[in-house]
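Q: I'd like to ask you about the structure that follows.
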């Protein structure tokens, strides 16, 4: 009788645990877009303005987007750029 109780207990645990394992497998269904960036064009211009150096940076990133109609890109801005302390290495 002990073996039958143990088998019933194992089956009960499996019945309870199986749905939670399946739910965990599908927990993050966020698709990852495929982007192809063949080239990037970055223009940097430096201009002296009195004791200041004005730096203008423009970037162009043409890419092909596979599988999505709309895509939003976020370009990170370094904290130093907002605080006015930027090092430019040329």
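Residue numbers (the numbering used here): 8 to 97.
All residues carry an ideal CB built from backbone N, CA and C; glycine is no exception.
1. Can you list, in chain order, the residues of its chain with a C-beta nearer than 6 Å to that of residue 63? Leave out the 5 residues immediately preceding and following it.
2. Going by CA-CA distance only, name the one from 16, 88 and 41 that's closest to residue 73.
3. Do you know whose CA, among 87, 39, 86 and 24, lies nearest residue 75's CA?
4. With DSSP as the reference, please indicate the residues paired to residue 77 in a beta bridge.
5. Which whole-angstrom value is the C-beta distance of residue 43 and residue 70, which I expect to be below 8 Å?
6. Please identify the residue among 90, 68 and 12 whose C-alpha is closest to the C-alpha of residue 49.
7. Within a Cβ cutoff of 7 Å, which residues of the same chain sit near residue 60, ignoring the five residues on either side of it in sequence?
A: Reading it off the structure:
1. Looking up residue 63 in the chain shown gives position 56. These residues qualify, in order along the chain: 52.
2. Within the chain shown, numbered from 1, the residue matching residue 73 stands at position 66. Nearest C-alpha to residue 73: 41.
3. By 1-based counting over the chain shown, the position of residue 75 is 68. The residue with the shortest Cα to Cα distance from residue 75 is 39.
4. Walking along the chain shown from the start, residue 77 turns up at place 70. DSSP output for residue 77 lists no bridge partner at all.
5. For the purposes of this step, residue 43 is taken as the residue at position 36 of the chain shown. For the purposes of this step, residue 70 is taken as the residue at position 63 of the chain shown. About 6 Å separates the two Cβ atoms, so the contact holds.
6. Numbered from its first residue, the chain shown carries residue 49 at position 42. Of the candidates 90, 68 and 12, the one whose C-alpha sits nearest the C-alpha of residue 49 is 68.
7. Numbered from its first residue, the chain shown carries residue 60 at position 53. Only 53 meet the Cβ criterion.
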